[in-house]
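Going down the list, the sequences are from chains A and B. Each residue of the first sequence is one higher than the last, beginning at 1 in our numbering. Each residue of the second sequence is one higher than the last, beginning at 68 in our numbering. Yeah, the Cβ is synthetic: ideal placement off N, Cα and C, and Gly gets one too. Here the structure is laid out as C-alpha cells; the discussion comes afterwards.
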Amino acid sequence: MREPERGGWYLAMAGFLAVLALACVGLMVYGEWFDRRLVASGAVGVLLVLYAVIVVLFRKAHLTAED
Amino acid sequence: MYRRLLLSLQSATLRLDTWINRVLPQDFNPLYYTGGLSNLFLTILVVSGILIFLYYEPSLEGAYASVEFLTRDVPYGVVFRGIHRYAADAYLVAILLHLFRNWFTDRYREARDSQWLSGMFLLVVSGFAGFTGYLLVWDERSQLLTSLTVQALRSVPLVGDWLARVFLGGPGVSDTTLPRFLFLHVGPAMTLYVLLWWHYVRLRHPKIWPPSVWVLFSLGLLFILASALPATSGRPAQPGASPEGFAVDWFFLWPYVLARWLAPGWALALVVALVAYGMVVPYTLRETPEQRGVRALGQAVVVEENCTGCELCYYDCPYNAIYMVPSPYPGKSRAAANRKLLAVVVDSRCVECGICIGACPFEALELPRMLDKDVQQRIQRGARAAAPVGS
Numbered sequence: 001m002r003e004p005e006r007g008g009w010y011l012a013m014a015g016f017l018a019v020l021a022l023a024c025v026g027l028m029v030y031g032e033w034f035d036r037r038l039v040a041s042g043a044v045g046v047l048l049v050l051y052a053v054i055v056v057l058f059r060k061a062h063l064t065a066e067d
Numbered sequence: 068m069y070r071r072l073l074l075s076l077q078s079a080t081l082r083l084d085t086w087i088n089r090v091l092p093q094d095f096n097p098l099y100y101t102g103g104l105s106n107l108f109l110t111i112l113v114v115s116g117i118l119i120f121l122y123y124e125p126s127l128e129g130a131y132a133s134v135e136f137l138t139r140d141v142p143y144g145v146v147f148r149g150i151h152r153y154a155a156d157a158y159l160v161a162i163l164l165h166l167f168r169n170w171f172t173d174r175y176r177e178a179r180d181s182q183w184l185s186g187m188f189l190l191v192v193s194g195f196a197g198f199t200g201y202l203l204v205w206d207e208r209s210q211l212l213t214s215l216t217v218q219a220l221r222s223v224p225l226v227g228d229w230l231a232r233v234f235l236g237g238p239g240v241s242d243t244t245l246p247r248f249l250f251l252h253v254g255p256a257m258t259l260y261v262l263l264w265w266h267y268v269r270l271r272h273p274k275i276w277p278p279s280v281w282v283l284f285s286l287g288l289l290f291i292l293a294s295a296l297p298a299t300s301g302r303p304a305q306p307g308a309s310p311e312g313f314a315v316d317w318f319f320l321w322p323y324v325l326a327r328w329l330a331p332g333w334a335l336a337l338v339v340a341l342v343a344y345g346m347v348v349p350y351t352l353r354e355t356p357e358q359r360g361v362r363a364l365g366q367a368v369v370v371e372e373n374c375t376g377c378e379l380c381y382y383d384c385p386y387n388a389i390y391m392v393p394s395p396y397p398g399k400s401r402a403a404a405n406r407k408l409l410a411v412v413v414d415s416r417c418v419e420c421g422i423c424i425g426a427c428p429f430e431a432l433e434l435p436r437m438l439d440k441d442v443q444q445r446i447q448r449g450a451r452a453a454a455p456v457g458s
C-alpha cells in the first residue's frame, strides 16, 4: 500500500539517521586513535544497523524498488 | 487435538506475517528468510572461526592461554571472538525459527520430508558443533561440561565406555583431549555444507541469502553485542578440580541445565528422544488424498508430441521433479517439430500441484486424473473466495 503522505517523514528520519551514521564514523576514528577498540567496533555495529534502517526508510518512502 | 493445535499455530504464524508486513515492506519480512539468515550466520561463523583458529592452540596447557591471548592482545580479537560466539546463538535461533515456521505452515510433509530430515540433521550437527565450541576454551565451564558429558556417555548401555573414550581421545583427559575436541568442533562444522546440499538439492528456487537489509542489520547487531558484552572465559581449568557452577548459555547447553534435576544419562536420553521425534514428525500426520477429501490427481505426465523443450516447466517446478533430456525424436506439433530437449517427470518427486501445467503454453503436460469439471470447480471456488462479502 502506498503511503505518499508519510514519504517526507521517512526521508527526514533517514536524514537524521545519516547524521548519526556520520557520528559513528567519528567514533570509529576516535576508538582506533585512542586504542578504545570496543568503542570502534561498537560504532561499526551501530553504523551497519543504521544503514539497514535507512534502506528500509528509503523503501517506505518509495525511493527504491523491490530487489 | 494435534491437528487442531497445528491449525491454530498455522493461523498464529500467518497473523504474525501479516503484522510484520504492515510494519516492513513485504520482501523485507525476516520470517521469509529464516533459512537465508541461517546461511548468513553460518558464513559469519566460518569466517570468524578461521580467524580464531589461526591463534588457537589445542593443548591442555596452551588452549586457555591462546584464547586469552586472542581476547586481550590481538587487535580486535575480542570482537572476533564475540562475533563467533553470538553468531552461533543467532544461527541456532534462525534454524529453530525456520524449523517451527515450516512445521506450523505445513511445509514439511510429503515431497518436503527430504528437506525436513536434512534440516533435522543440520540442527543436530550444528548443536553438537556449538557445544564442542564451549569445550575448546578449556576453562572451568569446559571442564565441568566435559565431566558431565563423560558421565552421560558412560551411562549408555553396552557402548558407553567406548563413546566416552572416543569423546576424550583416550581413557581420561590427556594431551590428546583438546585436539579431539577441536576435531569434534571443526569436523561437524565442515559436514554442514554437505547437509546443506542435501537440504537444497530438491528445491528449485530456495532463498539461500537474506536481503541486504538483513545482512547489514545482522552484522551490525553482532558487532554491537560483541562490543557491549564481550565474550569472556571463566577461570582456567584445574587438573583434578571439580567446579560446580557456570554461566549457562541456554541455546547450546540446555541439556546441562536439565542435569540439575536429571542424571546426565537421562538428560542425554531426553535429547535423543527429542531428535528421534523430530525425525518422524513428517510422518505423524500422513493422510491419503481421500482422507483429506480430495481426489488424487496422479503425477504429471508429459504429452511428448506437444513438448517443445522450452524448459518453462523445468524452471517453474518447485520440487525439481522435471528434468530436460536430449530429445530422442521430433515432436508432432509444429512448435515441437524442431525441439532439442524433452521434459521428463520424476514421479517420486511430483506432488500433483499442477504448476507445470500452468507453466506450459503448449499443452504438453497434464494431470491425467484431473478432469474439466475439477478445473471448473477450482475456478468457481477461487472466484467465491475472492468475491467481496455480500456480492
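- For Arg37(A), the neighbours in chain B by C-beta distance under 8 Å run, in chain order, Pro142, Tyr143, Val145, Val146.
- Straight across, the Cα-Cα distance linking Pro273(B) with Gly15(A) is about 35 Å.
- Three or more Cβ pairs closer than 8 Å define a contact, and the stretch 284-294 of chain B meets that threshold against the stretch 29-46 of chain A.
- The stretch 145-160 of chain B makes no contact with the stretch 77-97 of chain B; the number of CB pairs closer than 8 Å stays below 3.
- In chain order, Leu230, Gly332, Leu335 place their CB closer than 8 Å to the CB of Val223(B), counting only its own chain and leaving out the 5 sequence neighbours on each side.
- Rounded to the nearest whole angstrom, the C-alpha separation of Val282(B) and Leu107(B) is 7 Å.
- At the C-beta level, Arg406(B) and Cys374(B) come within 8 Å of one another.
- The Cβ-Cβ distance between Ala196(B) and Leu289(B) does not fall below 8 Å.
- Shown here, Tyr123(B) sits in coil according to DSSP, grouped into three states, outside any helix or strand.
- About 10 Å separates the beta carbons of Pro349(B) and Arg174(B), which is beyond the 8 Å limit, so they are not a contact pair.
- In the three-state scheme derived from DSSP, where H, G and I count as helix and E and B as strand, Met437(B) is classed as coil.
- Remark: C-beta atoms of Val392(B) and Leu408(B) approach each other more closely than 8 Å.
- Thr258(B) places its beta carbon 8 Å or farther from that of Phe234(B).
- DSSP places Asp84(B) within a helical segment (H, G or I) once states are collapsed to three.
- Membership of Tyr99(B) in any alpha helix (DSSP H) is not indicated, and neither H nor E is assigned to it by DSSP.
- Below 8 Å, enough C-beta pairs join the stretch 191-206 of chain B and the stretch 242-259 of chain B to call them touching: three or more.
- Beyond the five residues adjoining it in sequence on each side, Ala21(A) comes within less than 6 Å, by CB distance, of Leu47, Leu50 in the same chain, given in chain order.
- Here the alpha carbon of Ser300(B) sits roughly 7 Å from the alpha carbon of Val204(B).
- Fully contained in the stretch 209-245 of chain B are the following alpha helix (DSSP H) runs of length 4 or more, in chain order: 227-235.
- Secondary structure of Asp156(B) (DSSP, three-state): helix.
- Scanning Leu98(B), Arg71(B), Ser78(B) for the CA closest to the CA of Pro278(B) turns up Leu98(B).
- Per the coordinates, the alpha-carbon of Ser78(B) lies some 31 Å from the alpha-carbon of Asp316(B).
- Tyr396(B) places its beta carbon 8 Å or farther from that of Phe319(B).
- Any Cβ of chain A closer than 8 Å to the Cβ of Phe95(B) would place that residue at the interface, and such an atom is present.
- The C-beta distance from Leu104(B) to Ile119(B) rounds to 22 Å, too long to fall under 8 Å, and the pair is not in contact.
- The C-beta of Gly287(B) comes closer than 8 Å to at least one C-beta of chain A.
- Between the beta-carbon of Ala388(B) and that of Val413(B) there is about 5 Å, and that keeps the pair under the 8 Å contact cut.
- Rounded to whole angstroms, the gap between the alpha carbons of Ala410(B) and Leu73(B) is 37 Å.
- Among the residues of the stretch 41-61 of chain A, those with a Cβ less than 9 Å away from any Cβ of chain B are Ser41, Gly42, Ala43, Val44, Gly45, Val46, Leu47, Leu48, Val49, Leu50, Tyr51, Ala52, Val53, Val55, Val56, Arg59, Lys60, in the order of the chain.
- Here DSSP, grouped into helix, strand and coil, assigns Ala403(B) to coil.
- Neighbours of Ala293(B) across chain A, judged by C-beta separation under 9 Å: Leu38, Ser41, Gly42, Gly45.
- With a 10 Å radius around the Cβ and a threshold of 16 neighbouring Cβ atoms, Lys399(B) comes out exposed.
- When beta bridges are read from the DSSP output, Val25(A) appears opposite no residue.
- Counting the other CB atoms within 10 Å of its CB gives Leu63(A) a total below 16, which places it among the exposed residues.
- DSSP places Leu409(B) in the strand class (E or B) of the three-state scheme.
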